[in-house]
Structures are given as structure tokens and as C-alpha cells.
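*Asks:* Protein sequence lines, in the order shown, are assigned to chains A, B, C and D.
Taking our numbering, the leading residue of the first sequence gets 1, the next gets one more, and so forth.
Taking our numbering, the leading residue of the second sequence gets 258, the next gets one more, and so forth.
Taking our numbering, the leading residue of the third sequence gets 515, the next gets one more, and so forth.
Taking our numbering, the leading residue of the fourth sequence gets 834, the next gets one more, and so forth.
All C-beta atoms in this analysis are idealised placements derived from N, C-alpha and C, irrespective of residue type, glycine included.
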Amino acid sequence: MRRIVPVSGRTVETPTTVTLRFEDARPAAPGQFVMLWIPGDDEIPMSLSYVGSSKGVTVKVMGPTSRHIQEIAPGTLLGVRGPYGNAFELTPHRVLVVAGGSGAAVLAPAAEALRARGGEVEVALGATRASELLFEGRFAAMGATVHPATDDGSRGARGFVTELVGPLLARGRFDAIWTCGPEVMMQKVIAAAQGTGVPVVCSVERWMKCGLGLCDACALGPYHVCVDGPVFPAERLGAVPEFGRTKHDAAGRRVPG
Amino acid sequence: MRRIVPVSGRTVETPTTVTLRFEDARPAAPGQFVMLWIPGDDEIPMSLSYVGSSKGVTVKVMGPTSRHIQEIAPGTLLGVRGPYGNAFELTPHRVLVVAGGSGAAVLAPAAEALRARGGEVEVALGATRASELLFEGRFAAMGATVHPATDDGSRGARGFVTELVGPLLARGRFDAIWTCGPEVMMQKVIAAAQGTGVPVVCSVERWMKCGLGLCDACALGPYHVCVDGPVFPAERLGAVPEFGRTKHDAAGRRVPG
Amino acid sequence: MHGPVADLSTRVAGLELRNPFLLASGIWGETGESLRGAYEAGAGGVITKSIGREPRTGYPNPTVEMYDRWGFLNAMGLPNPGIAEYPREIAIARGGGALVIGSVFGHDAEEFAELGAALTETGVAALELNLSCPHAEGLGSEVGSDPSAVEDITRAVVRRTKLPVIAKLTPNTHDIVALAQAAERGGASAISAINTLRGLAIDVRLQRPTLSHGLGGLSGPAIKPVGLACVYQVFRGVRIPVIGVGGILTADDALEYLLAGARAVEVGTAVALDGIRVFGTLVRELGRRMDELGVRRVEDLIGAAHRSDPPPGAPRDPL
Amino acid sequence: MHGPVADLSTRVAGLELRNPFLLASGIWGETGESLRGAYEAGAGGVITKSIGREPRTGYPNPTVEMYDRWGFLNAMGLPNPGIAEYPREIAIARGGGALVIGSVFGHDAEEFAELGAALTETGVAALELNLSCPHAEGLGSEVGSDPSAVEDITRAVVRRTKLPVIAKLTPNTHDIVALAQAAERGGASAISAINTLRGLAIDVRLQRPTLSHGLGGLSGPAIKPVGLACVYQVFRGVRIPVIGVGGILTADDALEYLLAGARAVEVGTAVALDGIRVFGTLVRELGRRMDELGVRRVEDLIGAAHRSDPPPGAPRDPL
Ligand SMILES: Cc1cc2nc3c(=O)[nH]c(=O)nc-3n(C[C@H](O)[C@H](O)[C@H](O)COP(=O)(O)OP(=O)(O)OC[C@H]3O[C@@H](n4cnc5c(N)ncnc54)[C@H](O)[C@@H]3O)c2cc1C
Ligand SMILES: Cc1cc2nc3c(=O)[nH]c(=O)nc-3n(C[C@H](O)[C@H](O)[C@H](O)COP(=O)(O)OP(=O)(O)OC[C@H]3O[C@@H](n4cnc5c(N)ncnc54)[C@H](O)[C@@H]3O)c2cc1C
Ligand SMILES: Cc1cc2nc3c(=O)[nH]c(=O)nc-3n(C[C@H](O)[C@H](O)[C@H](O)COP(=O)(O)O)c2cc1C
Ligand SMILES: Cc1cc2nc3c(=O)[nH]c(=O)nc-3n(C[C@H](O)[C@H](O)[C@H](O)COP(=O)(O)O)c2cc1C
Ligand code: FES
Ligand code: FES
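#1: With burial defined as no fewer than 16 other Cβ atoms inside 10 Å of the residue's Cβ, what is the status of Ala-828(C): buried or exposed?
#2: For Arg-463(B), which of helix, strand or coil comes out of DSSP?
#3: Please decide whether Trp-584(C) counts as near chain A, where near means a Cβ-Cβ distance under 8 angstroms.
#4: Specify, as a first and last residue, the run of the alpha helix (DSSP H) that Lys-1057(D) falls within.
#5: Can you say whether Asn-1017(D) is buried or exposed, counting buried as having 16 or more other CB atoms within 10 angstroms of its CB?
#6: Short check: CB of Val-378(B) to CB of Ala-362(B), under 8 angstroms?
#7: So for Leu-815(C), helix, strand or coil by DSSP?
#8: Let me confirm a value: Met-590(C) is counted as buried when at least 16 other C-beta atoms fall within 10 Å, else exposed. Which label applies?
#9: Could you check whether the stretch 1093-1104 of chain D touches the stretch 730-739 of chain C, counting it as contact only if at least three pairs of C-beta atoms, one from each stretch, sit closer than 8 angstroms?
#10: Could you tell me whether the stretch 30-49 of chain A touches the stretch 573-584 of chain C, where touching means 3 or more Cβ pairs closer than 8 angstroms?
#11: What do you get for Ser-662(C), buried or exposed, if any count of 16 or more other CB atoms within 10 angstroms of its CB means buried?
#12: Going by the beta-carbon positions, is the gap between Ser-265(B) and Pro-331(B) smaller than 8 angstroms?
#13: Residues in its own chain within less than 8 angstroms of Ser-706(C) by CB, not counting five upstream and five downstream?
#14: Looking at the secondary structure, which residues open and close the beta strand (DSSP E) in which Cys-180(A) lies?
#15: Residue ranges of each alpha helix (DSSP H) run of no fewer than 4 residues wholly in the stretch 668-738 of chain C, ordered along the chain?
#16: Measure from the alpha carbon of Val-845(D) to the alpha carbon of each residue in Val-838(D), Ala-1084(D), Pro-853(D), then state which is nearest.
#17: Alpha carbons only, please: which of Arg-1140(D), Phe-1068(D), Leu-996(D), Gly-1020(D) is nearest the one belonging to Val-1010(D)?
#18: Ligand 1 and Asn-575(C): does any heavy atom of the ligand fall closer than 7 angstroms to the residue's C-beta?
#19: In chain B, which residues lie with their C-beta within 7 angstroms of the C-beta of Arg-1038(D)?
#20: Can you find a heavy atom of ligand 3 that lies under 7 angstroms from the Cβ of Thr-571(C)?
#21: Could you please give the first and the last residue of the uninterrupted beta strand (DSSP E) stretch that includes Pro-167(A)?
#22: From Thr-724(C), Ser-548(C), Val-809(C), Gly-713(C), pick the residue whose C-alpha is nearest to that of Asn-686(C); which is it?
#23: Under 7 angstroms Cβ to Cβ from Cys-472(B), same chain only, skipping five residues before and after it: list those, please.
#24: Count the CB pairs spanning the stretch 441-459 of chain B and the stretch 289-297 of chain B that are closer than 8 angstroms, and state whether there are at least three.
#25: Hey, is Pro-826(C)'s beta-carbon within less than 8 angstroms of any beta-carbon in chain D?
#26: Considering only residues of the same chain and omitting the five flanking positions on each side of Ala-946(D), which have a CB-CB separation below 6 angstroms?
#27: Whose C-beta lies closer than 6 angstroms to the C-beta of Ala-1093(D) among residues of the same chain, with five residues either side of it excluded?
#28: At what residues does the alpha helix (DSSP H) containing Leu-347(B) begin and finish?
#29: According to the Cβ coordinates, are Pro-920(D) and Gly-509(B) closer than 8 angstroms?
#30: Near Asp-1107(D), which residues of its chain fall below 8 angstroms by C-beta distance, leaving aside the five closest residues on each side in sequence?
#31: My assumption, with CB atoms under 8 angstroms, is that Ala-959(D) sits in contact with Pro-997(D). Please give the rounded CB distance.
#32: On the CB-based measure, 16 or more other CB atoms within 10 Å of its CB, does Arg-1129(D) come out buried or exposed?
#33: Against Ile-1035(D), what residues of chain B qualify as contacts under a CB-to-CB distance less than 8 angstroms, listed in chain order?
#34: How many Å lie between Ala-108(A) and Phe-135(A) at the Cα?
#35: Should Leu-732(C) be listed as close to ligand 4, given that the test is whether its C-beta is under 7 angstroms from any heavy atom?
#36: How close, in whole Å, do the beta carbons of Ala-29(A) and Val-51(A) come, if the pair is a contact with beta carbons under 8 angstroms?
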């Protein structure tokens, strides 16, 4: 099931984020992820930021493995299995994308796919500072309107990207909100959409080992993120008390998260 | 690989020979054999005497297992694997069939297939006595001319069926001889055809265990009868000194046979 | 048209199971919600992840390697939340009505006994001792391949619990019957067999093992013949009941185990291949197959393949 | 366009092999013509059927059970013509130029030694001791799973022959390294691993085992992970060379074994699946793959997977 592929390209997206590209013929849909193995190091889940036959992952530094990935040069062999999990449904016409952290990695290809079907996209794009805004140019290039927000106000609105959601919903008409980022951020998005009738769809990250629905590492209430997700309608998450509150760590303990 | 099939029909062909029928969808060609398992007893190689989806084997009493088979009633479950081995080539137009013992079991479906393609068939059919002539009616029904020979002269020529071969070759024109029976019998057929230019094709029986070309039980010189045969052109057998002289027994010893 | 008439219920180690299909340990069993979900999907009972004294993260990824449907290699490394935290998961599962069997692992008899006693408090229906993990040093099959250790561990646990104790054995041995007999002497109420076979996969381009731990455990269809041989042999060697595990994907696979002597079976890798709904399918298909074969009760199947062995005319060791 | 530049030759137990692919014992090896045929088909060497003191017919049929390409179960029961008659087969094989390794089995050290001495006279290039047949009572793995018996048998044979002695070990053990070390102490020149795994298949409609003997030995792809684990462990535990066996169908399978530490490999079940021409294919494909991977000599592959183990950052037993 695992393919060994050479890195065919490397792009520095922000000071803490790089995209690695590789050829892989398996069909994939926006929202799906792969288990990416850096031989000699860990294997970690990564959303596909490019889903064509030239695939890509966009990795933000979090800890040792993601830091290691930043230094990987083209030609390096990586292990890839998947794509796993479900995908964004491309049925809505007007979508508000709300991205925080590395969340734009999975939302950009979804937005692109929607645009390709004639859909319309506005993006609320958050980061700590201007240089960390991920895929601002890519969203613009696909014809989406981008509303940046930075913690330090170095670009766009100052403050959390979630604060843009209410005003944007008030101003425009949307069929859906797609969001990916820290769970507390996504909860704020859900809260902001409450009562507007606009459904929210979240891409969720949990600890993953098998990616196959076997090991229980990614359990989220009654769901397994690797097979039932990572894309969930907010209604389903609403029934899971631990969403936004606790996670399971690598030992399966419930920890705040 | 093994199918468990109920016996769908049972026909007593001669005092020492019965045909068992069973349904089995696997395609088969005349000349091929199956490994037939009588649960609780042995599994033995048996040529298919009927090769359609309603298959058949025609079994002559030789020892304990073939005797056991004679008593099997319709409905009994048998194990079948195969069909294995190669088949008669149906390219010649006029064929002389020379059958001894249970040899008619494999030659009858081959002759039928040839007739169905418009070929012509004459049959030299040998047995110890009239009641043991196998498939005389079946050969007649397909429009073949049958020349019986019995050891006791109770029907047709008295003596060995091989004695018919010379005269038949002298009288008619044949593109091939197909023969199955004891190896000494087949050697006499080959000898009788020598110099006539009519190629002889033999169906050979050897001890079999795996039927898969693995265990070496059916070794015949450089060949394995289960995969390289059971149908061999006489030229190939001519280069095998042990043909008609020695066999391997169940332990792999070379024994006369 | 009428539904299956076959009675799928079975008894093993004093447990009344609505059907013979148990969720195998290590699959879905880290959280209470998952245990409950597997039971709701149709399992006759669910076995927890093997629980140890301390929380363990297990080995780093990669921890799994899948061959086409016929085999699966893993070296999770016994990740588990530890005995202090795990009772809340059992409470969640039991809250959902699940019949839960608690699995434990340890380094020695004292550790097993302590864990068994602790789990007994949680209301599990039975204990399964993981004497058989093939890839964790000083744990699992390293303790589980020595009959006297198996006997001691079993006895130590039995002394500290009122629950039935199931000894889960390793196939990485030359004599699983000796291990089963040792567990029986130690007071086990049942044997489960088998855990995974020690295995390895190497990536040819990278020239390295594909699992971070190197060695792993093989499961799935590839090990079914081995599991069947073990159950068949153990059935003859002990009086306590046997639970079959290894490579069960279909009702016919389960039937093979029942005929070999198992009174119940555990299902693991099938969940990765066919999802948790595999339990519903197995239950439905077993009923259908039993109807087809004219068998009314699971009971009537157990060990039936031994009736015909050795087959007439087939000496066990000719010449 | 140019042919492969890779050098496929290898040395093991003092033998110079033109390529690493040996015909495994029990496949095609009952007759001299077949041994010769396998060598002509491209094998680097051929191993005879295991030969015993007396002729043996083996078990009655059914003796084989095939799963889809991934596995094969057999209980032939060690049929062989016996040591008195077998030398003529070796003469036929050697007459065809084949490099022949003679395999023997027995009940005890004396019997092995006697057979080894007798085969030495026939001009075989080495002896392989079958210490590992999983389904013959009092033979095979029943002697082969006890390290002291393995040591005694090996030593007894080594004393009676000038040929290199290869000890073929069983995977039906909890500690194959201990067996390999025992063979090394006894003077073996190499270890081959593995023989088949003990297995069983039951027919659900007939409610009986499908092989007349009941238990059989599992071979083919299903056991490749187990064979690799054994070779990998044995490579670390002994100084003598290792020959890998089990589930090799393709050049990449063989590469896995070489990387795990094997200096040569044996091929069995593949012959049933792909015919004897599989040797030609394996030789061609190994050359092509080595060219592709930039490896010049088989030598450069042997044990290379150990260089990366344990991988950096991957503790062997965390927590
Ligand atoms: C479905 C999914 C898609 C993801 N997509 C992206 C993406 O597109 N871009 C991106 O930058 N990140 C993505 N992540 C997160 C990414 O997997 C982690 O950031 C990464 O594993 C961190 O590893 P590390 O060794 O650098 O950090 P560590 O120091 O090991 O861990 C830092 C944090 O990362 C998370 N993490 C570590 N290992 C795992 C694991 N095996 N499974 C899940 N989480 C883990 C934990 O929350 C941990 O606390 C995704 C995660 C999931 C589950
Ligand atoms: C390819 C092939 C096709 C055959 N087709 C027919 C057929 O259509 N009709 C028919 O009546 N017979 C056929 N035979 C012969 C049949 O297999 C034997 O007659 C049968 O096995 C006898 O078994 P037994 O137990 O009754 O006799 P036994 O007393 O066991 O043996 C009598 C003789 O039968 C042969 N025999 C026994 N077991 C085997 C075995 N496993 N493999 C091969 N030969 C064996 C040996 O020559 C033996 O000396 C065929 C054999 C082969 C190899
Ligand atoms: C990912 C995985 C984790 C496992 N973890 C455990 C465990 O913690 N305790 C245990 O006793 N067995 C464990 N096992 C073994 C299974 O319970 C079962 O014995 C084995 O997988 C064979 O069954 P299967 O072929 O149906 O998977 C694990 C198996 C797998 C595949
Ligand atoms: C039909 C059959 C017969 C065998 N007979 C023997 C034997 O006589 N002696 C022996 O050492 N191994 C014997 N083996 C084991 C093989 O040599 C080999 O170790 C095993 O089949 C694993 O390799 P494979 O997966 O390539 O078949 C036999 C295997 C098969 C399938
Ligand atoms: S990662 Fe193993 S179940 Fe989801
Ligand atoms: S019957 Fe086994 S090789 Fe032909």
C-alpha cells in the first residue's frame, strides 16, 4: 500500500511552512490526507494541498518531524500511503472559507475544485503575521476574494480570523462555510454561524497511527477521523462533547486540546 | 481451489466401470483431468469423460479407491480440483482413436469435440470381453465407426486392440492417432504407426499428488505429466527412455510399469 | 421468505454471548465510545486494548503495513492509557450496554495480577491475558512462550479475581498445546488463540524495515491456517473452551474455527478491511450459512471437524 | 540498450553460486531429471527432496491445498525413494551439470549422520539438514525445535562429512536465534530459514480437514513476513551465513531477503504458481532491479537493512 516517491519540488510558502510535491497517480479528492513517512523519522498525517497526479503537502513546523520536513530537498525519497478519509462535498455554490494555521493547506484545493465547477469563494485567512498568511496568492489566483486577518495587524484586520465571520455572513449570502484550523477556532466559526442557517463543515485533526480505522488513535467520540472524517458537518461534531475540549494523546489518554 | 460438489448422476457403463456426473462451471477441454477427492478416502487423478458444465468422470476398478467410487450414490459430496493439464489439439481432420482399458474415458469427449468440428473418427476399442467395451454406444452415437476387439473374442476381433491399428492405417487415411491405455499398449500403437507418417498422440497416466507441477510425483523424464501432459505427442515420449518401461511409485522409486 | 432460524448464541468461559463474534483486542479498544460502537455494530462482545500499569505511547510511526487483503503487519507497541485512566473508558462502554472483556499485559505474574484485580473492579465480564504480543521486549510472547510463566501468571490472576480468565496464546512457539495446558493448570477458564505471528517487511528502495520498530506482528487471512492449526491442537489438549482468532473475514472463516473447536471467535484485521459493519455482515452471513448447511445451533458445530480425524484409510504416519 | 551489468553471483557456505536462487527442498527434487531441469531453467543450485533411511510413500492424498496466490498448504509426509535408491537420481542431476545440495531428514543424530555420510559419497556440493518439517511426527520440527538436539544432530553430521552443512530451521518456535546458534555451535556452515508454518484448513460443508493428514505446512507469500523476520533475527545472532526461504515469487521478494541478511534464497511454491521458468524470470528481474537501484553486486545488498535499524529517533521500546 505504501509508495516510495521522490520529492519533485519544494516551495517555501511562509517562514514556517513549506510545500513538498511528488508524483503519485492515485486519485484523490480535496479534503483527503496521506500518511507521509520520512524514512528514518516519523510517519505523520498530512492533508493533500494538491490533489492532481502531481500531489503536494503543505507542512507547518509543529515539532521535530515537521521541522525535519522543512529541510527536505527535492529527490529525497518519502513514503506515502493513502489517500485516506473523506472529502469536501462540492455541492454548495457560494462558500466562505475560514482558514487558520495550516488549515489553508486543505482548504485551498477544495476551493480550487469549487471554482472549477463555477462556484464562488470568499476566504477569511488568518495568521500570526503577514508573512505567515498561507496561500493568499493561490486563493487570489483562483478568483476568490481574500480577507486577511493577522494577530499583529501586519496585514488585514488585526485579531482573530474568526472575528471576520460574523460580518462576512451578515454582508454576503453563503451556502456553506468550510473551515480548518485549531478546534477552538472552528468552534468560534460554528458559534458565529449559529442562527444564520449557513451550515459549517470542519476538517478535523486528531492523532493518527494506522489511518485505516483500526487502531483507535484518532477516535473522536463515536467517530474515527481517519475513515469517518477528516471532514465533518458541524452538526455531527456538536454531538461530540470532546470536540474542542479534549483529545486523545499517543497513549490514548484524554488530554486537553 | 477445491470445489465440493454433489454427485448429480451415476451410470454403470460396464461391470467394472461407472460414470459419475457433477455440475461444475469451470471450463475444461477434452484431455484434461481433475483431482477427485472422495472425502474420507483418497484423492486421485481422473480424466474428464464429460467436459461441459455438467462434467463427468468414468472410473474403472483398479484398487480400493476406485472400488469405493463404484458404490457412490447420487447426492454424495465429492471434492474436485482442476481441470489440470493440457488437452488434445483438435487440428487433425481424420483421427484414429485407439482405446484400451479405461482409455475411452478421455478419448470419447475428445472424439466428440472433433466430430462437432466436422472431423471424422474411427475407433479401435479394446477390452477383455464384450461387456467391458467402454463407450461403444457413445462412439457410435457420435457417428464414429467402431472396431471392437476383445481378449476372448466375445465381440469384434479376438486379441489385442493394437493388432487392429496396422490394418486400419493400411486401409484408411488418417491425420492422427489418439491413444490412451496401458503404456505397453500405447507403445505398440506407436510401433504400428511407425513409418506411416501418421503422428500418434498419447494420454499418459502417472502417479499424481499435487497436480500442480510441484511435488515431482508424476515425473516422466524431463516432463511432469500433470502440467506438461497428460497429452503428449509420441515423438516427445520417444526421447524418454522410461516410457513404457518404468514408473515412479508413491515414494518416487523407479519401478517396472 | 423467513429470517434465519439458526441460533447464533454461544457460551464460553461462563459468558453468554448473543453471537460468537468478539472484537479482538487492540482493534478499536482504546476508547469507551469505540468499544460501545463495535458492540452496537453487532459484536457478541468486545475486548479492550491490552492495558498495562503505566500509560504507553507505543512505537513511533510507521506502525502498520498492509499487504493486499491477505495480510497486515503492525507494531503498535502496546499503546494504552494505563490502568489508572482506563476504567472511565470501560464505564463509557458499559454505559452503552456492551459486554466488555478486559485485556491486560505485564512483565510478570504480580503485574498481571494487579492489573487483573484493578479491571475486575470496573465491571468487565471476563479478563483476557495478553501472553502473546510478538514485538514488545520483555512483554507478550517473551513471557508467554514459557509454560511455567504462563501457569504462574494465570494462577496469580485467578487468585485475585472472581472473573473468568482467558489466556491468549502466541503462535510463535513449537508447542502451543503445552502453553494451553499450563494455562489450564493455572486455572484459566478459556484459551484464546492466536495473537499475531512475528513478521518483518523491508522496503527495497530504502533498504530498511518499513515499520519503525523493525519486527511486527502478522495478522489477517495469511495467519488463518496457523490459527486453525493452533485451535485444532489446543481443542484436543485441554478441557477448557477455546476462542479462535486470526484471519477471520467471512462467516465461512468463522465456521472453520468453530469446526476446529472454537466456541467463539475474535475479529481484528477485518475491521480495517471492511469497516466495523463487518460484525453485522458476519452475524447475518453466519445465520444464512448455518441455515444452508442445516445446522441449528453454534453448539452443534464446535469441534465437529475432529469427528472425521484421522479419516478412514489415512494412517497418520505411513511407512 | 545493454544487458544488466549487475553481478548476480554469490557465495554461501563455501559454495560459489551463479545466482542466489536455489530450488527449495521438496519441490521437483524427487527425480534426477527434474533437479537437472530446474538447474537448466536457471536456478543457481538445486536442493533435493529430503531423503530418509527408508523409502516413504508419504501421506495419502489430499496432500495439498491452494489459497489464491498468497498461500499454499501441504502435507506430503516426506515421500522419498530412500537413501539406497536416491544416489542414481543425484547422478542424473550431476550428469546434467547441476549444482546439487542434498537434503536429509531423520529421527535422531545417528540417522542424520548416516544419511549425510551416504549423500557425501554421491558428489553433492553441500548437505541441508531438514530440522523443520512441521507435520511429520517424531521428525522435522519435533527434533528441530530443541536447541540441544539441533546442536547434536549438526555436530554428528559435520563429523561424518567434509561437505558444508546447512541447518534448515523451523519458524514454529519462539526463538529461532537459539536454534541457529545451536547449529552454529554444532559446526553448521550456514542456516536456512524457513520451512513451512504449521497450518490447517477445514472444509465447511464436509466438516473435516481438507488434507488427509489434518495438519500441514503453510508456504507462499503468506509466510514471507515470517521468513524475513527469522532471517533478520538470525543474521544478527550468528556469524555463519544465512539462506532465506519463504514466499519468494519476485525479484523484489528476494531483495527483501538479501537486505534482511540472506546470502542466497530458496524458491518453492513459486514453481507451482509460475512454473519452473520462474527461475529464468527471477534471474532476469533481479539483474534489472539491481541495475535500476544502482547496485552492482549481490554482496552489497546482504544485510543492508540492518544499517538503518533502529532508525534514528525510534527508540526500541518507548515508555
Ligand atoms: C488528517 C490530518 C491532516 C493534517 N494536515 C496537515 C497539513 O496539511 N499541514 C500541516 O502542517 N499539518 C497537518 N496535520 C498536522 C500534522 O500531522 C502534525 O502537525 C504533525 O504530525 C506534527 O508532527 P511533529 O513531529 O512535527 O510534531 P510533534 O512535536 O510530534 O507533535 C506536535 C503536535 O502535532 C500533532 N501530531 C504529532 N504526531 C501526530 C500524528 N501521528 N497524528 C496526528 N497528529 C500528530 C499532535 O497534536 C502533537 O501535539 C494534519 C493532521 C491530521 C490528523
Ligand atoms: C491423468 C490421469 C487420468 C486418469 N484418468 C482415469 C480415468 O479416466 N478413469 C480411470 O478409471 N482411471 C484413470 N486414471 C487412473 C486412476 O487414477 C487410478 O486407477 C486410480 O488412482 C486407482 O486408485 P485405487 O485406489 O483404486 O487403486 P490403488 O490400488 O491405490 O492403485 C492401483 C493403481 O492405480 C494407480 N494409482 C493409484 N493412486 C494413484 C494416484 N494418486 N495417481 C495416479 N495413479 C494412481 C497406480 O498405478 C496404482 O498402481 C487416471 C490417472 C491419471 C494420472
Ligand atoms: C493493530 C493491531 C493491534 C493489536 N493489539 C493487540 C493487543 O493490544 N492485545 C492483544 O492481545 N492482541 C492485539 N492484537 C492481535 C489481535 O487481537 C488478533 O489476535 C490478531 O490480529 C489476529 O486476528 P486478525 O487476523 O483477525 O486480526 C492486535 C492486532 C492488530 C492488527
Ligand atoms: C510441496 C512441498 C514439499 C516440501 N518438502 C520439503 C522437504 O522435503 N524438505 C524440506 O526441507 N522442505 C520442504 N518443503 C519446504 C520448502 O522447501 C520451503 O522451505 C517452504 O515451502 C517455504 O518456501 P516457499 O514459500 O518458497 O514455498 C516443502 C514445501 C512444499 C510446498
Ligand atoms: S488512525 Fe488508526 S483508527 Fe484512525
Ligand atoms: S502431481 Fe505433483 S508434480 Fe505432477
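*Replies:* On the basis of the supplied data:
#1: Residue placement at Ala-828(C) cannot be trusted, given a pLDDT of 39 that sits under 50; the coordinates are not used to answer.
#2: coil
#3: no
#4: 1057-1070
#5: Looking at the sequence provided, one finds Glu at residue 1017(D) rather than Asn. Counting Cβ neighbours within 10 Å, Glu-1017(D) comes out buried, since at least 16 surround it.
#6: no
#7: helix
#8: buried
#9: no
#10: yes
#11: exposed
#12: yes
#13: Glu-642, Ile-680, Ala-681, Lys-682, Leu-683, Val-756, Ile-757, Gly-758, Val-759, Glu-780
#14: 176-180
#15: 690-699
#16: Pro-853(D)
#17: Phe-1068(D)
#18: yes
#19: Ile-261, Leu-334
#20: no
#21: Careful: Pro-167(A) lies outside any beta strand (DSSP E), inside the alpha helix (DSSP H) at 165-171.
#22: Gly-713(C)
#23: Lys-466
#24: no
#25: Legend: pLDDT at Pro-826(C) = 41, less than 50; position of this residue unreliable, value from coordinates given subsequently. No, no contact with chain D.
#26: Ala-989, Val-990, Arg-993
#27: Leu-1061, Val-1064, Tyr-1065, Ala-1138
#28: Premise fails: Leu-347(B) is in no alpha helix (DSSP H) and is neither H nor E.
#29: no
#30: Leu-1082, Thr-1114
#31: 4 angstroms
#32: exposed
#33: What Ile-1035(D) touches in chain B: nothing, since even the nearest Cβ is about 12 angstroms away.
#34: 7 angstroms
#35: no
#36: 6 angstroms
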